[in-house]
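Here's the structure we're looking at; comments come further down.
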DNA sequence: CAGTGGTCTAGACCACCAA
DNA sequence: TGGTGGTCTAGACCACTGC
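Protein chains in written order, with our numbering: chain R, 1225 to 1483; chain Z, 1225 to 1483.
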């Protein structure tokens, strides 16, 4: 451990001190990971920004560069940070061209394709139903923002989505703001509401189109649709968005890679 | 690099020698990864077996332990190896209790659940249709094994699967052998045919039940089913199995985690 | 050129496991 | 107790980026 008594940054960094007896052993790099995570959570380092260099962090935290490296490696593996050789390490963001629509797994059968158009049909403040409240860890009846939109691929409506967001955090969200923003909606959430979606759980089912679906997706009633229910989380495993999508899977499919 | 001239193991290990000018730079640990992969591919180290220790490999390959470590770390990340502290590093296998049914993402809505029963309806040698041949990289009309089975969850039929395998490799596969084997089918493939499935691509669609499906899955005709087309790969990204499954998603769902 | 991440080493010590 | 993987260090050198 370097002896330099300067550049102390985190007075709370009791790193490298094994206190007490009962608490389970925690490797140094895990503690460093936690410290970095705290900076991300509290918005100290924002999406798209560069974080201090490995050497810098090593000095601040009073550990070797290799230890910081391992911490950053794991965070980069979780898509929380992005390393760029020669440039630095950056906070991941949904705004990047390369990883845009990271959570949208619908592909055209012939290969790629991204939504060509987005139509926001509705966005309003409502009271949370029981299941929405449960998913978002709110009290039943609490205010939530509810939006509905259609995604078009090559001019054809393929996805109908209902979205629920905590009313507290997303106060002021309107159909206008959702529709006019260029780029992924999750990028807008970062920029305008300071919320970064980190991971998500999806539950998929096959369902029959209702009259509503049929109209909005331009298919026959009772025709099969892929129902995708997504719960997205920010830092700290806090649920921040519930989304129920209905996908037309004629000539498109949901692609999943299993390791 | 240690100077010990002993314990040479791989005469082909030109590791640490940057030859030529044109070929792109390849880190040492990548080359080590390749060497380990070759051992796995050629069946030198079989599923479930322990591979040599890090120190042993470091000596064989004439590199430092840290370099071997990084190579193994990545292979473990890809689920090709499994590290067990205090015991050693092992070749991953589908036979392990903990990761059984790793590729089956169907869960009951109330939580977990694994298939309680497996009924093999059919297994025979046929000529590959055009699309099966394309997926498995065979010539159209070449021999393939084709099987059909039903998976039951808590006594209820939930999954109907058609499976296609290269006839060459899976010669001798019968319904009897598929049905009587205890444990995952992929574990049997490892044990009896020396084929380990490493990863898979899945394409999901919502479809309407045909008369066939209705009968075998005990649902009404045209009722929505989740169609899961899976292409599984062995080492070297060689396609080794095509599987088309139809899932009943009443009270069950396909679960996916997005990072 | 300086600064960043990427690779590689050599050695120390720790945690875990089995005999 | 000895062997295995797991952590941590300190320092060297390389590859990439941008000024």
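C-beta atoms are modelled at their ideal positions from N, C-alpha and C, and glycine is treated no differently.
Please read these numbers as outputs of a predicted model, since none were measured by experiment.
Got a sec? Which residues, its chain only, sit under 7 Å from residue 1440 of chain R by beta carbon, not counting five neighbours each side? Mapped onto the first chain, residue 1440 of chain R falls at position 216. Contacts found: 1374, 1381, 1384.
For residue 1412 of chain R, which three-state DSSP category applies? Position 188 of the first chain holds residue 1412 of chain R. In the structure shown, residue 1412 of chain R falls within a helical segment according to DSSP collapsed to helix, strand and coil.
Tell me the DSSP secondary structure of residue 1258 of chain Z in three-state form. Residue 1258 of chain Z sits at position 34 when you count from the first residue of the second chain. Correct three-state label for residue 1258 of chain Z: helix.
Can the beta-carbon of residue 1459 of chain Z be found less than 8 Å from the beta-carbon of residue 1329 of chain Z? Numbered from 1 along the second chain, position 235 holds the residue referred to as residue 1459 of chain Z. Numbered from 1 along the second chain, position 105 holds the residue referred to as residue 1329 of chain Z. Not closer than 8 Å, so no.
Can you pull the chain R residues whose beta carbon is under 9 Å from the beta carbon of residue 1355 of chain Z, in chain order? Position 131 of the second chain holds residue 1355 of chain Z. Under the 9 Å cutoff, chain R gives no residues; its nearest Cβ is about 12 Å from residue 1355 of chain Z.
Count the other CB atoms within 10 Å of the CB of residue 1421 of chain R; is the residue buried (16 or more) or exposed (fewer)? For the purposes of this step, residue 1421 of chain R is taken as the residue at position 197 of the first chain. Buried is the call here.
Am I right that residue 1455 of chain Z and residue 1424 of chain Z are in contact with their C-beta atoms under 8 Å? What's the rounded C-beta distance? Working through the second chain from its first residue, we reach residue 1455 of chain Z at position 231. Working through the second chain from its first residue, we reach residue 1424 of chain Z at position 200. The Cβ separation is near 6 Å, so the contact holds.
Residue 1400 of chain Z by DSSP, collapsed to three states: which one? Translated into the one-based positions of the second chain, residue 1400 of chain Z becomes position 176. Note: residue 1400 of chain Z maps to helix in three-state DSSP.
What is the DSSP secondary structure of residue 1469 of chain Z, reduced to helix, strand or coil? As a working mapping, residue 1469 of chain Z is identified with position 245 in the second chain. Reduced to three states, the DSSP call for residue 1469 of chain Z is strand.
Residue 1290 of chain Z in three-state terms, based on DSSP: Counted from its first residue, the second chain places residue 1290 of chain Z at position 66. Residue 1290 of chain Z: helix per DSSP, three-state reduction.
Check for me: the alpha helix (DSSP H) holding residue 1326 of chain R runs from which residue to which? Residue 1326 of chain R sits at position 102 when you count from the first residue of the first chain. Residue 1326 of chain R -> no alpha helix (DSSP H), and no H or E assigned at all.
Going along the chain, which residues of the segment 1316-1328 of chain R sit with their C-beta nearer than 8 Å to a C-beta in chain Z? 1326, 1327
Using alpha carbons as the reference points, say which of R:1257, R:1272, R:1338 lies closest to residue 1301 of chain R. For the purposes of this step, residue 1301 of chain R is taken as the residue at position 77 of the first chain. Comparing Cα positions, the closest option is R:1257.
Closer than 7 Å by beta-carbon distance: list the chain R residues that pair up with residue 1311 of chain Z, in chain order. Locating residue 1311 of chain Z in the second chain gives position 87, counting from the first residue. Per Cβ cutoff of 7 Å: no residues; residue 1311 of chain Z is ~19 Å from chain R at best.
For residue 1428 of chain R and residue 1272 of chain R, the rounded distance between their alpha carbons: Residue 1272 of chain R sits at position 48 when you count from the first residue of the first chain. Residue 1428 of chain R sits at position 204 when you count from the first residue of the first chain. Going by C-alpha positions, residue 1272 of chain R is about 31 Å away from residue 1428 of chain R.
When you compare the segment 1349-1367 of chain R with the segment 1333-1340 of chain R, are there three or more beta-carbon pairs, one atom per stretch, that lie closer than 8 Å? no
What's the gap between the Cα of residue 1283 of chain R and the Cα of residue 1253 of chain Z? Numbered from its first residue, the first chain carries residue 1283 of chain R at position 59. Numbered from its first residue, the second chain carries residue 1253 of chain Z at position 29. Roughly 28 Å between the two C-alpha positions.
Which bits of chain R does residue 1449 of chain Z rub up against, with CB to CB less than 7 Å? Residue mapping note: residue 1449 of chain Z aligns to position 225 of the second chain, counting from 1. Chain R residues near residue 1449 of chain Z: 1430.
Separation of residue 1327 of chain Z from residue 1393 of chain Z, as counted between CA atoms: For the purposes of this step, residue 1393 of chain Z is identified with residue 169 of the second chain, where counting begins at 1. For the purposes of this step, residue 1327 of chain Z is identified with residue 103 of the second chain, where counting begins at 1. Those two C-alpha atoms are separated by around 21 Å.
Could you tell me the distance, in whole angstroms, from the CA atom of residue 1387 of chain R to the CA atom of residue 1465 of chain R? Within the first chain, numbered from 1, the residue matching residue 1387 of chain R stands at position 163. Within the first chain, numbered from 1, the residue matching residue 1465 of chain R stands at position 241. Their Cα atoms are separated by approximately 7 Å.
Distance, Cα to Cα, residue 1467 of chain R vs residue 1324 of chain R? Residue numbering aside, residue 1467 of chain R sits at position 243 when the first chain is read from its first letter. Residue numbering aside, residue 1324 of chain R sits at position 100 when the first chain is read from its first letter. If I take the Cα positions, the gap works out to 18 Å.
Can you look up residue 1283 of chain R in the DSSP assignment and give me helix, strand or coil? As a first step, residue 1283 of chain R is located in the first chain; it is residue number 59 there, counting from the start. The answer is helix: DSSP assigns residue 1283 of chain R an H, G or I state.
Pairwise C-alpha distance: residue 1434 of chain Z and residue 1447 of chain Z: Taking the second chain and counting its residues from 1, one reaches residue 1447 of chain Z at position 223. Taking the second chain and counting its residues from 1, one reaches residue 1434 of chain Z at position 210. Cα to Cα, the separation comes out at about 9 Å.
What residue range does the alpha helix (DSSP H) around residue 1440 of chain R cover? For the purposes of this step, residue 1440 of chain R is taken as residue 216 along the first chain, with counting starting at 1. Counting along the chain, the alpha helix (DSSP H) containing residue 1440 of chain R begins and ends at 1435-1441.
Residues of chain R with a CB under 7 Å from the CB of residue 1173 of chain Z: which are they? Any question about residue 1173 of chain Z goes unanswered here, given that chain Z covers just 1225 to 1483.
Does residue 1426 of chain R get closer than 8 Å to chain Z when you measure Cβ to Cβ? The residue you call residue 1426 of chain R lines up with position 202 of the first chain. Yes, contact with chain Z.
So, does the CB of residue 1246 of chain R fall closer than 8 Å to a CB anywhere in chain Z? Taking the first residue of the first chain as 1, we reach residue 1246 of chain R at position 22. Model confidence at residue 1246 of chain R stands at a pLDDT of 42, short of 50, so the residue's coordinates are unreliable; what they give is reported in the following sentence. Cβ-Cβ to chain Z under 8 Å: no for residue 1246 of chain R.
Looking at chain Z, is there any beta carbon in it that lies within less than 8 Å of the beta carbon of residue 1473 of chain R? For this step, residue 1473 of chain R is matched to residue 249 along the first chain. A Cβ of chain Z is located within less than 8 Å of the beta carbon of residue 1473 of chain R.
Reduced DSSP secondary structure (H/G/I, E/B, other) of residue 1371 of chain Z: The count along the second chain starts at 1 and reaches residue 1371 of chain Z at position 147. Strand.
Chain Z partners of residue 1482 of chain R, CB-CB under 7 Å? Within the first chain, the letter at position 258 stands for residue 1482 of chain R. In chain order: 1327, 1423, 1424, 1426.
Could you spell out the range, first to last residue, of the beta strand (DSSP E) harbouring residue 1346 of chain R? What you label residue 1346 of chain R is simply residue 122 of the first chain in a count that begins at 1. Per DSSP, the unbroken beta strand (DSSP E) holding residue 1346 of chain R starts and ends at 1341-1351.
Chain R contact for residue 1460 of chain Z (CB, 8 Å cutoff): Residue mapping note: residue 1460 of chain Z aligns to position 236 of the second chain, counting from 1. False, the Cβ-Cβ gap to chain R never drops below 8 Å.
Are there three or more Cβ pairs, one per stretch, closer than 8 Å when the segment 1390-1406 of chain Z is compared with the segment 1358-1375 of chain Z? yes
According to the Cβ coordinates, are residue 1411 of chain Z and residue 1322 of chain Z closer than 8 Å? Position 187 of the second chain, counting from 1, holds the residue named residue 1411 of chain Z. Position 98 of the second chain, counting from 1, holds the residue named residue 1322 of chain Z. Not in contact: residue 1411 of chain Z and residue 1322 of chain Z (Cβ atoms no closer than 8 Å).
Cβ separation of residue 1463 of chain R and residue 1357 of chain R, assumed to be a contact under 8 Å, to the nearest whole Å: Along the first chain, one-based indexing puts residue 1463 of chain R at 239. Along the first chain, one-based indexing puts residue 1357 of chain R at 133. Not confirmed; about 11 Å, so no contact.
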